[in-house]
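These notes concern the structure reproduced below.
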Amino acid sequence: MAGYNIGVAILPSNLGDGGEIANQLLESWNLRDVDCNNDIIFVYLASENRAIIRWGISVEPAINIVMYPELISEIDSVFLDKPIGPAIYNGISTIRRQLKENIGPPRRLPQLLVLSIIGGLTVLGFGALVVSAISDSK
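Just so it is clear: in the sequence shown, position 83 is 365 by the working numbering, and no numbers are missing.
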């Protein structure tokens with residue numbers, strides 16, 4: 283977990299699209315280390331009583347879009363039962379636990395899988411062409 287920087291923002295009222303605000307904070311706060319994009323922004327939307335998380339690319343695969351819905355659901359459920367302070371603390375603890383334990387697939391894994399399949403089929407097709415050309419020449 284060392285090396286991850288987590289920023290927390292509390293938005294008291296509806297200021298627009300929370301996701302867009304979180305993206306802007308991630309970029310403008312610049313919490314990352316010099317050579318890494320390892321920052322995380324935890325934004326609590328008071329008007330909606332829920333959180334939004336955004337992260338830099340170096341945080342993956344510990345946090346990624348595949349496991350995000352489950353993570354945010356776990357965090358948001360605590361806002362229903364606890365006051366804001368303890369709920370935010372719990373949210374940060376949940377993120378830290380995720381960073382230490384449950385490594386999910388990186389965001390680019392599906393694209394890499396598709397490219398691997400296409401590449402494999404291309405190699406097989408080319409190999410079949412070569413074998414066919416060799417057998418025709420004999």
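Glycine residues also receive a C-beta, built at the ideal position from the N, C-alpha and C atoms.
Bounds of the alpha helix (DSSP H) holding Ile370 are 366-382. Straight-line measurement puts the Cα of Glu309 at about 11 Å from the Cα of Glu302. The continuous stretches of alpha helix (DSSP H) do not include Leu327, which lies in the beta strand (DSSP E) extending over residues 321-327.
Val396 is classed as exposed because its beta carbon has fewer than 16 other beta carbons within 10 Å across all chains shown. Beyond the five residues adjoining it in sequence on each side, Asp321 comes within less than 6 Å, by CB distance, of Asn287, Leu313, Arg314, Gly338 in the same chain, given in chain order.
A straight line joining the alpha-carbon of Glu342 with that of Phe408 spans about 35 Å. Taking 8 Å as the cut-off, the beta carbon of Ile292 is found no closer than this to the beta carbon of Ile335. As DSSP reads the structure, Ile288 sits in a beta bridge with Ile322.
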